[in-house]
């Protein structure tokens, strides 16, 4: 296999009824793939899922080139989670088994956030690790605790990767107990702590979180209070990067769900994790939301930039351009660009993005503005979801990767 560039063009693979977009990035001992996969024809969720996962399996088989394949994350954004989840998961397993990849069936996370493309019953975002057979990572599934009294341990909730003195945890679909949102939120962070400890990690190793709220307008303040209480009780500084966004978890009993990425690197890697900031927007804790604007991670070969959910926020933490979607898009992109620029990166370094759009009717305008701004050329998931403030109309998160070196 030839050397993989840090700025390879995205690969677009189209087959019957499916489009898969892939970005390849070198890692310490192999290569990482960031993929999005979405249906291109109307149909039932089962039909679309078969098209999509056949395409994903063909893409993985073609790109693996005789290497180990480890699926780190697979996020499914569904139009109707109660109606379609089981059919989509069944098609996922059937396609992987049909291609002889049954041992690779991943831990999947499902959330009800309808794709902005109305013909799609769902869309998928996937992260994959490819390593030489001689450098196999130790990948193990991590199970969550029981979700109720008397219940057995839950299905797998995460993937732990150990290699070359590093430990990584990719977890999702973590829920707390209780009736009130504040109770569930606090319990949710405690559940995550137990999973981290089981993996040999702690909250101080968490790079980034994703928090989905079924009723974000009602429960966001309760989340912020519980999060601050928990982080302060653990003396957590810095706090992780994060996205807090509207989305219905699998069970209607759960008001919130949590996903996270954590890593512990060798002591020889100096200052491997530190917060990102930019002059165009303030720090979120000043208005009660305890997350940093982004987190920079160095692993000895590359710099990974995890940009938090970013919207049209100004230097004082106020919503900029209330009621003006076009201006909000421009301010949102300005903020993302500023965060990347401070780290010596730009849009060419983006390997994955997710945009949350409040109103489906704004999709065309958003895509037009993205194209004009050059915000394209990477796997990108676009879904409909309410944002943390009612007046915010869009939000975006990105992962960017660049070669290790000084910021110029």
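In this note's numbering, the protein residues as written are 3 to 410. For each residue, glycine too, the CB sits at the ideal point set by N, CA and C.
Exposed is the label assigned to residue 140, since fewer than 16 other Cβ atoms lie within 10 Å of its Cβ.
Between residue 311 and the set 193, 337, 267, the nearest pair of CA atoms involves 337. In this structure the region 29–36 does not lie against the region 105–112, because fewer than three pairs of beta carbons, one per stretch, are closer than 8 Å. By the C-beta criterion, the region 233–245 is judged not to be in contact with the region 66–85, since fewer than 3 inter-stretch pairs fall below 8 Å.
Taking a cut-off of 8 Å on C-beta distances, the region 203–220 touches the region 246–254, as three or more cross pairs fall below it. For the pair residue 212 and residue 247, the Cα-to-Cα distance works out to about 8 Å. Boundaries cannot be given for residue 107, as no alpha helix (DSSP H) includes it and DSSP labels it neither H nor E. In this structure the region 43–52 touches the region 120–128; the number of beta carbon pairs closer than 8 Å is three or more.
Contact between residue 399 and residue 355 is confirmed by a C-beta separation of about 7 Å, below the 8 Å threshold. If you look at residue 250, you'll find it isn't in any alpha helix (DSSP H); DSSP assigns it neither H nor E. Residue 316 and residue 299 have their C-alpha atoms spaced approximately 26 Å apart. By the criterion of a C-beta distance shorter than 6 Å, residue 290 is surrounded in its chain by 226, once the five residues flanking it on both sides are discounted. Per DSSP, reduced to three states, the secondary structure at residue 159 is strand. Residue 39 holds the alpha-carbon nearest to the alpha-carbon of residue 380 among 18, 39, 20, 89. Contact annotation, residue 401 with residue 307: C-beta distance approximately 7 Å; criterion of less than 8 Å satisfied. Taking 8 Å as the cut-off, the Cβ atoms of residue 163 and residue 131 count as close. The criterion of a C-beta distance shorter than 8 Å is satisfied by residue 261 and residue 175. Fewer than three Cβ pairs drawn from the region 198–205 and the region 178–189 lie within less than 8 Å of each other, which leaves the two stretches out of contact. Contact between residue 369 and residue 396 is absent: CB atoms are separated by about 12 Å, not below the 8 Å threshold.
In the DSSP assignment, residue 140 is bridged to 164. Residue 275 and residue 301 have their alpha carbons spaced roughly 9 Å apart.
With a cutoff of 8 Å on beta-carbon distance, residue 335 and residue 118 are scored as not near each other.
Here residue 245 is buried: its Cβ has 16 or more other Cβ atoms, across all protein chains shown, within 10 Å. DSSP places residue 235 in the helix class (H, G or I) of the three-state scheme. Per DSSP, reduced to three states, the secondary structure at residue 77 is strand.
Annotation: residue 365 to residue 182 spans about 34 Å, alpha carbon to alpha carbon. Within its own chain, the residues whose Cβ lies closer than 6 Å to the Cβ of residue 286, once the five positions on either side in sequence are excluded, are 293, listed in chain order. In this structure, the straight-line span from the alpha carbon of residue 144 to that of residue 44 is close to 36 Å.
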